[in-house]
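As structure tokens, the structure follows; a few thoughts come after it.
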Amino acid sequence: MKNHLLKLLDLSRDDITEILDTADRLKAEQKAGKKHDFPAGKTLAMIFAKNSTRTRVSFETGIFQLGGQGIFLSNVDSQLGRGEPIQDTARVLSRYCDGIMIRTFAQQEVEDLAKYGSIPVINGLTDFAHPCQVLADLMTVREHKGRLVGLKIGYIGDGNNMANSIIAGGLKCGMDVSAACPDGYRPDKLVLDYASTVTDARFELTDDPKTAARGADIIFTDVWASMGMESEIAERQKAFRGYCVDDGIMALASPGCMIQHCLPAHRGEEITEKVFEEHAGEIFDEAENRLHAQKAVMYLLMR
Ligand code: CP
Ligand code: NVA
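Just so we're aligned, residue 0 is where the sequence shown starts under numbering that gives the first Met the number 0, counting upward by one.
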């Protein structure tokens with residue numbers, strides 16, 4: 000495992016497998032009421048420049064279950080909100096804490112925290128990536144399907160942080176990925192460049208949701224307007240017409256196709272109420288696995 004979790008593009012397949020195996024072990028230990036083998040008293044600074052339910056609660060619970068403490072810092076009440084540079088924040092937090100989790104807008108801020116600090120940095124979502132979410136997703140798919148290699152992911156929606164991370168993570172794990180994104184809402188060039196170099200998995204970018212759904216073992220979708228893009232919702236609703244995961248889309252997928260949605264979900268936009276509720280078990284397993292996957296990341300980075 001590397002020193003940080005900044006984006007899945009930085010990890011190898013072995014790194015991801017190590018995280019998923021560790022997550023499975025920590026999940027089993029927690030379910031059995033067994034204490035984890037992790038040094039007591041570690042602290043995780045958690046910087047949030049955007050809203051969160053799952054990421055905050057799963058990280059704070061996770062570090063507590065590992066015998067440590069999470070410290071919540073919002074942009075509003077920390078000095079970051081008054082313009083203290085990330086370089087200085089990185090060096091200060093490195094003197095107190097054992098790790099930093101950050102949710103913010105620009106990926107560069109996360110990269111800079113890692114560059115200027117001297118403790119592990121974990122990306123809890125940027126406009127570019129959501130690696131912790133996709134580690135939990137891969138864990139959930141492996142639990143349900145028993146494997147990852149050779150399965151087909153169909154991603155239907157915005158070429159956003161989730162799309163970028165699903166493409167990178169899926170391809171790294173030997174999965175086929177077909178991403179349907181409308182023109183103008185495509186995944187990041189860095190990710191598409193990476194995808195073009197992968198030889199042991201198939202990648203396809205299309206603007207036809209049916210192509211992504213056909214034969215899919217897992218369909219992923221996400222909101223049409225991510226945090227910070229709420230003002231664009233009217234034009235996005237037009238651009239994403241036909242991108243709702245509904246019964247028609249599901250009929251094209253493989254029998255037993257799973258749905259993964261990072262949540263929060265907008266029923267009636269990217270997914271129908273019916274499809275969401277039929278797959279709620281898988282979707283809330285996915286939400287639960289945020290806890291276990293992130294504990295694994297902290298376990299591997301902060302010992
Ligand atoms: N999926 C996810 O990251 O949820 P939150 O925004 O609630 O943290
Ligand atoms: N793409 C969404 C994910 C939320 C967890 C966003 O960035 O708002």
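We put the CB at the ideal spot given by N, CA and C, even for glycine. Given the structure is predicted, the values throughout are model-derived calculations rather than measurements.
Starting from residue i, follow the beta strand (DSSP E) in both directions and report where the run begins and ends.
i      : result
Ala179 : 175-179
Thr196 : Per DSSP, Thr196 belongs to no beta strand (DSSP E) and is neither H nor E.
Tyr154 : 151-155
Phe219 : 217-220
Report buried or exposed for residue i, applying the criterion of at least 16 other Cβ atoms within 10 angstroms of its Cβ.
i      : result
Asn122 : buried
Gly32  : exposed
Phe47  : buried
His35  : exposed
Lys1   : exposed
Glu268 : buried
Ala250 : exposed
Gln78  : exposed
Thr198 : exposed
Ser117 : exposed
Thr89  : Residue identity check: residue 89 is Ala in the sequence provided, not Thr. With 16 or more other Cβ atoms within 10 Å, it is buried.
Phe63  : exposed
Pro84  : exposed
Pro346 : In the structure as shown, the chain begins at 0 and stops at 302. Residue 346 is therefore absent and cannot be evaluated.
Thr21  : buried
Phe283 : exposed
Ser11  : exposed
Gln106 : buried
Leu75  : Correcting the residue identity first, residue 75 is Val in this sequence and not Leu. Under this definition Val75 is an exposed residue.
What are the boundary residues of the alpha helix (DSSP H) that includes residue i?
i      : result
Lys26  : 12-30
Asn122 : Careful: Asn122 lies outside any alpha helix (DSSP H), inside the beta strand (DSSP E) at 120-122.
Gly169 : 160-171
Phe104 : Phe104 -> no alpha helix (DSSP H), and no H or E assigned at all.
Phe63  : 53-64
His129 : Premise fails: His129 is in no alpha helix (DSSP H) and is neither H nor E.
Lys237 : 232-238
Gln86  : 85-95
Phe283 : 279-301
With DSSP as the reference, identify every bridge partner of residue i, one or two as the case may be.
i      : result
Gly69  : Leu43
Gly227 : Bridge partners of Gly227: none, in fact.
Leu204 : Ala178
Leu4   : Ile121
Met100 : Met45, Ile121
Val140 : According to DSSP, Val140 bridges with nothing at all.
Val380 : Examination of residue 380 is not possible in this model, given that the chain is present from 0 through 302 alone.
I'd like the ranges of any beta strand (DSSP E) spanning at least 3 consecutive residues and lying wholly in the stretch 250-275.
Listed in chain order, the complete beta strand (DSSP E) runs (minimum 3 residues) inside the stretch 250-275 are 257-260.
Three CB pairs or more closer than 8 Å across the stretch 48-57 and the stretch 289-297
Put simply, the stretch 48-57 touches the stretch 289-297. At least three CB pairs are less than 8 Å apart.
Three or more C-beta pairs under 8 Å: does that hold for the stretch 143-154 against the stretch 20-31?
no
Using 8 Å as the cut-off, can you tell me whether the stretch 257-264 makes contact with the stretch 193-204, which would need three or more C-beta pairs spanning the two stretches below that distance?
no
Do the stretch 194-208 and the stretch 231-238 meet, that is, are 3 or more Cβ pairs less than 8 Å apart?
no
Is it a yes or a no for the stretch 206-226 touching the stretch 147-162, going by three-plus beta-carbon pairs under 8 Å?
yes
Taking 8 Å as the threshold, find out whether the stretch 233-242 comes into contact with the stretch 170-185 through three or more Cβ pairs.
Under the three-pair Cβ rule at 8 Å, the stretch 233-242 counts as touching the stretch 170-185.
May I ask you to verify whether the stretch 127-137 touches the stretch 163-176, counting CB pairs closer than 8 Å and requiring at least 3?
Between the stretch 127-137 and the stretch 163-176, the count of Cβ pairs shorter than 8 Å is three or higher; the stretches touch.
Three-pair Cβ contact test at 8 Å for the stretch 106-122 versus the stretch 2-15
yes
Any contact of the stretch 81-97 with the stretch 273-282, i.e. 3+ C-beta pairs under 8 Å?
no
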